[in-house]
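Trainee: For the sequence shown, the working numbering assigns the number 352 to the last residue and increments by one with no breaks.
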Amino acid sequence: MRIPRLTFFQLFILPISYLLFATTSSPAAGDWSIVRIKDQEYVTATNAATFYNMESFVRKGNDRLFQRPDINMKWTIGTQLIYVNEVKFNLSLPVVEYKGHALISTTDLVKLIDPVVRPNYISKSFDFDTVVIDPGHGGIDSGAKGRRGLEKDYNLDLSLRLKAELEKRGFRTVMTRSNDSFITLAQRVAIANAQRRAIFISIHYNSSGTRSASGVETFALAPQGTAPTHKDPKSALPSSLNGNAQDAANIALATAVHAHVILAFNPVDRGIKRGTFQVLRGINKPAILYEGGFLTNPTEEAKIHHPAYRQHTALTIATAIEKFKSVVAHR
Ligand SMILES: [Zn+2]
22 MRIPRLTFFQ LFILPISYLL FATTSSPAAG DWSIVRIKDQ EYVTATNAAT FYNMESFVRK
82 GNDRLFQRPD INMKWTIGTQ LIYVNEVKFN LSLPVVEYKG HALISTTDLV KLIDPVVRPN
142 YISKSFDFDT VVIDPGHGGI DSGAKGRRGL EKDYNLDLSL RLKAELEKRG FRTVMTRSND
202 SFITLAQRVA IANAQRRAIF ISIHYNSSGT RSASGVETFA LAPQGTAPTH KDPKSALPSS
262 LNGNAQDAAN IALATAVHAH VILAFNPVDR GIKRGTFQVL RGINKPAILY EGGFLTNPTE
322 EAKIHHPAYR QHTALTIATA IEKFKSVVAH R
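Right, dumping it as structure tokens:
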């Protein structure tokens, strides 16, 4: 879905502040009619429209369109995608139809929609002054291979540029690696968990067996009991992980970074996704993993190879983190 730049900007800029007041508290049970289908709990779109005081709620084929001055949202029956203020999110479970109603799982309600749409239910406050930057791969592990370069080197270069941009903005930074050395995923987790008042961002570029695959995607940890995006539901992790304690902050941080990058570069938007990468599972701070485009796509690789593009990306991510921080600190 392509959104004209100005529209996107207008719609996005206010709600991001709302989003960052995200919560992990559950919506009050009495306000929701729970629909149970095959051991899965859902709520209806009409129930959501009422609960969130939407001014307009429209059914258009399989689409459900919600609108109020600060929020517009679109659900589509049969898909696992929703849009909130033009930001694309991958749901943990599909939107289903039942007796003429569009239904969304209570997991996606609590872990995604509620933190995005309802600003003022803060269950846990946090602030940070440190950003742990994790350049993916390194040393013997080169990551994705482009025709002109290796992922590990682009990751490190973008990370060093991000470090400089964040320090200009008054943040303390910690790098999990600052040269071409190999470190394990467990070491990356340990470095992040040793910091106080910190957030974590892992920097990657992508690869695919299909040359046409392109675009930017940003991962936040899958909520407990749900599978990563596009993975078999049976692969869901059963237990609560370190990272799940920050579910609301994770999705808020992912949204801030992802939306700023999409706005700045208008790449193919692969959306905010759910992952179970070891770094996201193990870190006890708000954490995301950023995939800044495909080294296996010739057009995208040419862009990534350009230092000016990486510099602009670093500036954009630093701006997103600064925005995230400014809202968090106002609490
Ligand atoms: Zn990678």
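Glycine included, every Cβ here is placed at the ideal spot set by N, Cα and C.
Everything numeric in this text was worked out from a predicted model, so none of it was measured.
For ligand 1, which residues have a Cβ under 5 angstroms from at least one heavy atom, in chain order?
Mentor: The filter returns 157, 164, 225, in chain order.
Trainee: In terms of residue numbering, what span does the alpha helix (DSSP H) encompassing residue 300 cover?
Mentor: Per DSSP, residue 300 belongs to the alpha helix (DSSP H) from 299-303.
Trainee: Here's a check: name, in chain order, each residue in its chain whose Cβ is nearer than 6 angstroms to the Cβ of residue 262, leaving out the five neighbours to either side.
Mentor: Counting only Cβ-Cβ distances below 6 angstroms, and skipping sequence neighbours, we find 302.
Trainee: With a 10 Å radius around its C-beta and 16 neighbouring C-beta atoms as the bar for buried, classify residue 190 as buried or exposed.
Mentor: Under this definition residue 190 is an exposed residue.
Trainee: Helix, strand or coil for residue 55? Go by DSSP, reduced to three states.
Mentor: Coil, per DSSP.
Trainee: Using CA coordinates, which residue listed in 192, 345, 111, 253 is at the minimum distance from residue 291?
Mentor: Among 192, 345, 111, 253, the Cα nearest to that of residue 291 belongs to 111.
Trainee: At the level of alpha carbons, what is the spacing between residue 209 and residue 305?
Mentor: Their Cα atoms are separated by approximately 12 angstroms.
Trainee: Measure from the alpha carbon of residue 67 to the alpha carbon of each residue in 61, 249, 88, then state which is nearest.
Mentor: Ranking the options by Cα distance to residue 67, first place goes to 88.
Trainee: Along the chain, where does the alpha helix (DSSP H) that runs through residue 182 open and close?
Mentor: It spans 172-189 - the alpha helix (DSSP H) in which residue 182 sits, taken as one unbroken run.
Trainee: Are residue 80 and residue 96 close, meaning C-beta to C-beta below 8 angstroms?
Mentor: No, the pair does not count as a contact, with Cβ atoms beyond the cut-off.
Trainee: Can you look up residue 95 in the DSSP assignment and give me helix, strand or coil?
Mentor: Looking at residue 95 - three-state DSSP - the assignment turns out to be strand.
Trainee: Going by C-alpha distance, which of 286, 214, 296, 182 is nearest residue 268?
Mentor: Nearest of 286, 214, 296, 182 to residue 268, Cα basis: 296.
Trainee: Suppose contacts are defined by Cβ-Cβ distances below 8 angstroms. Is residue 138 in contact with residue 73 by that definition?
Mentor: Yes, these two residues count as a Cβ contact at 8 angstroms.
Trainee: Here's the rule I'm using: 16 or more other beta-carbon atoms within 10 Å means buried, otherwise exposed. How should residue 76 be labelled?
Mentor: Result: exposed.
Trainee: Can you list, in chain order, the residues of its chain whose CB lies under 6 angstroms from that of residue 65, leaving out five sequence neighbours each side?
Mentor: Excluding positions up to five away in sequence, the list reads 122, 124.
Trainee: Exposed or buried, what is residue 335 when buried is set at 16 or more other beta-carbons lying within 10 Å of its beta-carbon?
Mentor: Classification for residue 335: buried.
Trainee: Please state the DSSP three-state secondary structure of residue 331.
Mentor: Three-state DSSP puts residue 331 in a helix.
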